[in-house]
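Take the sequence shown: its letters are residues 5 to 166, numbered as in the numbering used here.
Here a beta-carbon is modelled for each residue, glycine too, at the ideal position from N, C-alpha and C.
Remember, it's a predicted structure, so these values are computed and weren't measured experimentally.
Below is one structure, written out as structure tokens, with a few remarks after it.
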Amino acid sequence: MDAWLGKAMVYDFMGKEEEALAHIRKAVDLEPVSQDVAMVSGCMHMKAGLLEQAIDVFEALVQEDSNCIDGWINLSDCHVARGHHEQALERVENGLNENPDHPTLLYRKVAYMHLLNKKKEALLLLRHLAEQEPDGLTELLTYYPDFLQEEEVLQIVHSTGN
Numbered sequence: 005m006d007a008w009l010g011k012a013m014v015y016d017f018m019g020k021e022e023e024a025l026a027h028i029r030k031a032v033d034l035e036p037v038s039q040d041v042a043m044v045s046g047c048m049h050m051k052a053g054l055l056e057q058a059i060d061v062f063e064a065l066v067q068e069d070s071n072c073i074d075g076w077i078n079l080s081d082c083h084v085a086r087g088h089h090e091q092a093l094e095r096v097e098n099g100l101n102e103n104p105d106h107p108t109l110l111y112r113k114v115a116y117m118h119l120l121n122k123k124k125e126a127l128l129l130l131r132h133l134a135e136q137e138p139d140g141l142t143e144l145l146t147y148y149p150d151f152l153q154e155e156e157v158l159q160i161v162h163s164t165g166n
């Protein structure tokens with residue numbers, strides 16, 4: 005399994021998506037319940053634009069392990085890539101049901117609320133998070149740089165010293 009996974013990653017690095025996906029499928033055939041294989045498989049499908057397949061992989065992953073934060077994040081990212089922000093928010097909220105204080109999930113919730121024009125709620129949560137977990141601001145703003153166009157967001161960022 006490790007050899008197939010390694011080859012898949014090399015092909016992916018070389019930009020040979022079809023070969024990478026073929027090798028990841030072999031790894032999945034050998035060890036379908038491996039979290040590492042599932043994560044790489046989902047990410048490769050996502051990168052190849054095969055969002056439905058990636059969603060299936062990440063859904064299965066978080067069903068198997070509801071504490072897999074990267075699974076919840078990648079699952080929600082697939083929905084964002086499809087333009088389904090409400091579904092992205094739902095998936096992050098599902099992840100928060102299992103991991104209620106996880107800062108990455110909370111910051112993603114802020115981004116998705118903002119994308120859904122729930123700006124007042126998003127800013128309230130952002131203020132709270134900036135006080136509790138200011139380091140997460142960098143990740144949020146890297147993921148969603150358009151957020152910096154909001155004057156209130158800039159005030160929150162400056163209040164944390166970032």
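Worksheet item: Which two residues bound the contiguous alpha helix (DSSP H) that contains C47?
Response: Locating residue 47 in the sequence shown gives position 43, where the first residue counts as 1. First-last of the alpha helix (DSSP H) with C47: 39-51.
Practice prompt. Compute the beta-carbon to beta-carbon distance between E143 and Y111, rounded to the nearest angstrom, for a pair I have assumed lies under 8 Å.
Written response: The residue given as residue 143 occupies position 139 in the sequence shown. The residue given as residue 111 occupies position 107 in the sequence shown. About 6 Å separates the two Cβ atoms, so the contact holds.
Item to complete: Would you kindly work out how many angstroms separate the C-alpha atoms of G87 and W76, rounded to a whole number?
Response: Indexing the sequence shown from 1 puts residue 87 at position 83. Indexing the sequence shown from 1 puts residue 76 at position 72. If I take the Cα positions, the gap works out to 17 Å.
Worksheet item: Should L119 and R95 be called a contact, given that it needs their Cβ atoms to be closer than 8 Å?
Response: One-based indexing of the sequence shown puts residue 119 at position 115. One-based indexing of the sequence shown puts residue 95 at position 91. For L119 and R95, no; Cβs fall outside 8 Å.
Worksheet item: For F20, does the three-state DSSP call read helix, strand or coil?
Response: Counting from one through the sequence shown, the residue named residue 20 turns up at place 16. Strictly speaking, residue 20 in this sequence is Lys, with Phe absent from that position. K20 falls in the coil class under three-state DSSP.
Worksheet item: If you follow the alpha helix (DSSP H) that C82 is part of, which residue opens it and which one closes it?
Response: Here residue 82 corresponds to residue number 78 of the sequence shown, with the count starting at 1. 73-85 is the extent of the alpha helix (DSSP H) around C82.
Practice prompt. Could you work out which residue in Y116, G99, D69, L100 is closest to H89 when comparing CA atoms only?
Written response: Residue numbering aside, residue 89 sits at position 85 when the sequence shown is read from its first letter. Among Y116, G99, D69, L100, the Cα nearest to that of H89 belongs to Y116.
Item to complete: Consult DSSP for T142 and reduce its assignment to one of helix, strand or coil.
Response: Counting from one through the sequence shown, the residue named residue 142 turns up at place 138. Helix.
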